[in-house]
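A short worksheet on the structure shown next.
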Amino acid sequence: MNPIDTGNSGMSRAAKKRAKKKQKQFSTTDPSDDITNETSVTAVTKKRSIRDHHNETEATITTVKQDHDGSINNNKRIKSINQNLPVDEDGNTMDVKATTSSNIDPTNHISKASIPIETIPSLPPNMSLESIISVVSVSPNSDDVQPPPPPPPPPPPPPLTAKQRGACLLQTMVAPITLKEFYETYWEKKPLLVRATESNKARFANLLSLKSIKAMTKEYPLYYGQDVNVTRYQKAADGVKRRITLDKLPPPSDERTSAVRVDTSELWSHYDAGCTVRLLCPHKHNDTIQALLSHLETEFQCMVGANAYLTPPHSSQGFAPHYDDIEAFCLQLEGKKRWKVYPPTLELPRSSSEDFTTEDLRDVKPVMDVVLHEGDLLYMPRGWIHQACTLKDDDHTSSSNNNRKHKHQHSLHLTVSAMQQWAWIDLMEMVIPEAIEAAASSDKSTLLRQGLPRGFLEYMGVMYEETKDDKLPESLKRVTEEDTPENHKKKACLQLQEQFRIEAKKRIQQIANTAMELLDASCDQMAKRFLSERQPPALTIQEKNLTAHGDDTADAKPILPNTRCRLIRPGVARLVIEDDKAVVYHCVDNAREYLGNPLSPMEFEMDDGPAIEQLLTTVEPDWILVNDLFHDTIEDKIAITQALYDEGILAVAQHGEAETMEEDHTE
1 MNPIDTGNSG
11 MSRAAKKRAK
21 KKQKQFSTTD
31 PSDDITNETS
41 VTAVTKKRSI
51 RDHHNETEAT
61 ITTVKQDHDG
71 SINNNKRIKS
81 INQNLPVDED
91 GNTMDVKATT
101 SSNIDPTNHI
111 SKASIPIETI
121 PSLPPNMSLE
131 SIISVVSVSP
141 NSDDVQPPPP
151 PPPPPPPPPL
161 TAKQRGACLL
171 QTMVAPITLK
181 EFYETYWEKK
191 PLLVRATESN
201 KARFANLLSL
211 KSIKAMTKEY
221 PLYYGQDVNV
231 TRYQKAADGV
241 KRRITLDKLP
251 PPSDERTSAV
261 RVDTSELWSH
271 YDAGCTVRLL
281 CPHKHNDTIQ
291 ALLSHLETEF
301 QCMVGANAYL
311 TPPHSSQGFA
321 PHYDDIEAFC
331 LQLEGKKRWK
341 VYPPTLELPR
351 SSSEDFTTED
361 LRDVKPVMDV
371 VLHEGDLLYM
381 PRGWIHQACT
391 LKDDDHTSSS
401 NNNRKHKHQH
411 SLHLTVSAMQ
421 QWAWIDLMEM
431 VIPEAIEAAA
441 SSDKSTLLRQ
451 GLPRGFLEYM
461 GVMYEETKDD
471 KLPESLKRVT
481 EEDTPENHKK
491 KACLQLQEQF
501 RIEAKKRIQQ
511 IANTAMELLD
521 ASCDQMAKRF
531 LSERQPPALT
541 IQEKNLTAHG
551 DDTADAKPIL
561 PNTRCRLIRP
571 GVARLVIEDD
581 KAVVYHCVDN
591 AREYLGNPLS
601 PMEFEMDDGP
611 AIEQLLTTVE
621 PDWILVNDLF
631 HDTIEDKIAI
641 TQALYDEGIL
651 AVAQHGEAET
661 MEEDHTE
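Residue numbers (UniProt numbering): 1 to 667.
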């Protein structure tokens, strides 16, 4: 069906044909694959921009504890997200300094203070993560919301925008540390341990449980390597402890089967025998975790994933010591687990490590040796080595709040991950090869296509590299200054080397200049990669009712000149220029599993671009009228809006509806 066929008899035929789906796939099977294979950055940047077309360690490991009554106490802590608040004995910040081999220089990073931090309204205290998601995901006017019994309830929390919602969730996770302090002091720099208290230890409990995992394994078909891993860290025949994986693989002769279905009874037999069960995509069948990831993607502006780890009691361990290529937030959901964290051998690595052995870490002192209890959170930047196990029955090791014996307690924690392959180098790997190709094919310069100087191999290379005169001993300096044929030859060689370097620098500069011209297009390619990887938006009831997905066919909202519109969520859609077309990519139809559905872009004419740009950059709490869009005719304005609305990208409200909605929020 044509995406802009609105059924309006007064619409021009050209307008009806304005947008159509491009039936092409945009997906990869490996996050490390170059996602730009489908669309060349060069091709994108050769097109006109829309505006032009329209004439326009010593590492400090910190433990923080929540208020003694277990509350988050947002009224005290979230007065201003840009304010560092003092922490007293009831919510103190304890610095435990440990000398490590890693001297991370904060000046090597872009200051996180330069990144806008969303202002968060005050929320009721003592709220769990799930309750925050639940509050912001249900319309205040929903019929099934009953007023609490007397005494009169406190005023409802103020409405949150999607950006505030993501910031609020992260703030709740790391409180009492403010977001400003977290980004400036800990993000990509050092671990952070946040302790819950006895009254608030269940703040993560409703995300996932042993009971719900057992129900999931019975209700849904799960497959080894796709949904589940079964692992154990144990001594091998040579006496060295190693990780073993018990996942079943399809027989080599069976080319049609990509994964083996998990046998539930066998899975739990492995668990009872001391194996860790890792859920690779717990959000696939869990709405609460999926909503958590979706909101955090709005905050981090990169793909956010999750794994769940269920480890049996009796000092069981599923994984060898290692480091990861992610920013990791470990949320302890059930039981207890002992964690040892070691300084990084490489700061901010691009890929995860191989397993370390006990011998590898024999002389390395952990900077953290702690037990996580229910409600605790451990943040680790990528590169920090770690290992974790459940407790022995008589294990008292930890800075725990109690000294009870830990008897037969399993551990369940959720690891939320961010920033995987989302570094400057990933952008440079995208732009530099395209810049080389574009500069080499330029019709304005032949610098890169000119032949190399004849004989350059006779004076360039390591064997011809000379020691700098200022590093020579005095006796050799006098020799090099002598007027001899050998020194004349040496000086001539040095002159040729210098001239060669000057010529090489010219060409490197040309590539750098071209890369800067391609930078915006490369950022668009990164955006497309993010859109292909991220979660579909977890819409609130109120948000969904404003979209085509919330409308019955008979009651679908007509698009009129006075219809108010905005993007359903910041960042869920992107406009790029490809092959002289305005193309919209979005994540609304994404699957919950990684790259489960290919992107299905929408293609428009170039003169539709300015109007599309207006629609995709208008986000809550703002609206834009259809009549105010940049286009020649009202028919085209309506057709473009209708196409994006039908795709589920836009929220729309009729004249007066938006004002009523805002008034309802503020009553």
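Positions of the beta carbon are idealized from the N, C-alpha and C atoms, including for glycine.
Owing to the predicted nature of the structure, the values given are computational and were not obtained by experimental measurement.
Cβ neighbour criterion (16 or more within 10 Å) applied to Met428: exposed
Exposed or buried, what is Asn103 when buried is set at 16 or more other beta-carbons lying within 10 Å of its beta-carbon? With a pLDDT of 37 at Asn103, under the threshold of 50, the modelled position of that residue is not reliable, and no figure is offered here.
So Val228 and Ala306 are supposed to be a Cβ contact under 8 angstroms. How far apart are they, rounded? Contact between Val228 and Ala306 does not hold, since their C-beta atoms are separated by about 14 angstroms, which reaches or exceeds 8 angstroms.
Looking at the structure shown, is Leu595 part of a helix, part of a strand, or coil, going by DSSP? coil
Cut-off 6 angstroms between Cβ atoms - residues of its own chain near Arg569, not counting five sequence neighbours on either side: Ala162 and Pro537
Looking only at DSSP bridge pairs, what is Lys235 linked to? Lys241
Under 8 angstroms, with one C-beta from each stretch per pair, do the region 356 to 371 and the region 440 to 457 reach the 3-pair mark? no
Exposed unless 16 or more other CB atoms sit within 10 angstroms - verdict on His408: exposed
Please state the DSSP three-state secondary structure of Gln642. In the structure shown, Gln642 sits in a helix (DSSP, three-state: H, G or I).
The region 376 to 385 / the region 182 to 190 touching (three or more Cβ pairs under 8 angstroms): yes
Nearest-angstrom Cα separation, counted from Gln234 out to Asp579: 56 angstroms
Given this structure, state the Cα-to-Cα distance separating Pro250 from Asp263, to the nearest angstrom. 14 angstroms
Reference Asn590, options Val583, Val572 and Ile577, closest by Cα: Val572
In the DSSP assignment, find the alpha helix (DSSP H) that holds Gly166 and state where it starts and stops. Ala162 to Val174
Which listed residue (Leu546, Tyr459 and Pro598) has its alpha carbon closest to that of Gly648: Leu546
Can you give me the C-alpha to C-alpha distance between Ile244 and Glu266, rounded to a whole angstrom? 16 angstroms
What three-state label does DSSP hand Glu543 in the structure shown? helix
Based on the DSSP output, what are the partners of Met380 in its beta bridges? Ala328
For Asn307, which of helix, strand or coil comes out of DSSP? strand
Would Tyr220 be called buried (16 or more neighbouring beta carbons within 10 Å of its own) or exposed? exposed
Closest by CA to Tyr585, which one among Gly596, Phe604 and Tyr594? Nearest to Tyr585 by C-alpha distance, out of Gly596, Phe604 and Tyr594, is Phe604.
Might you give, ordered along the chain, the residues of its own chain that have their beta carbon closer than 7 angstroms to the beta carbon of Trp422, omitting 5 neighbours on each side? Cys302
With DSSP as the reference, label Lys218 as helix, strand or coil. Taken through DSSP and simplified to helix, strand or coil, Lys218 comes out as helix.
I'd like to check one pair, Asn286 with Leu208: are the Cβ atoms closer than 8 angstroms? With contacts defined by Cβ atoms closer than 8 angstroms, Leu208 and Asn286 form a contacting pair.
With H, G and I counted as helix, E and B as strand and the rest as coil, what does DSSP make of Lys248? coil
If you reduce the DSSP assignment to three classes, tell me which class Val431 lands in. helix
Per-residue burial, Arg203 [other beta carbons within 10 Å of its own, 16 or more giving buried]: buried
Taking only the alpha-carbon atoms, compute the straight-line gap between Lys444 and Ala548 and give it to the nearest angstrom. Approximately 49 angstroms between the Cα atoms of the pair.
If contacts are defined as beta-carbon pairs under 8 angstroms, then Tyr224 and Val260 qualify, I think. What distance do you get, rounded to the angstrom? 5 angstroms
Please go through the same chain and pick out, in chain order, the residues whose beta-carbon is closer than 7 angstroms to the beta-carbon of Asp324, but skip the five residues on each side of it. Ser352 and Arg382
Considering Cα atoms alone, identify which of Arg362, Thr390, Ser316 and Asp360 is closest to Val370. Thr390
Please report the distance separating the alpha-carbon of Arg195 from that of Asp376. 5 angstroms
Taking Glu327 as the reference, give the member of Arg362, Gln542, Lys544 and Gln420 with the closest Cα. Gln420
Rounded to a whole number of angstroms, what is the C-alpha to C-alpha distance between Gln535 and Arg574? 15 angstroms
Is residue 668 helix, strand or coil by DSSP? Coverage of the chain is limited to positions 1 through 667, which leaves residue 668 absent and any answer about it impossible.
Terminal residues of the alpha helix (DSSP H) in which Thr495 lies: At residue 495 the sequence reads Gln, which differs from the Thr that was named. Unbroken alpha helix (DSSP H) run through Gln495: Pro485 to Glu517.
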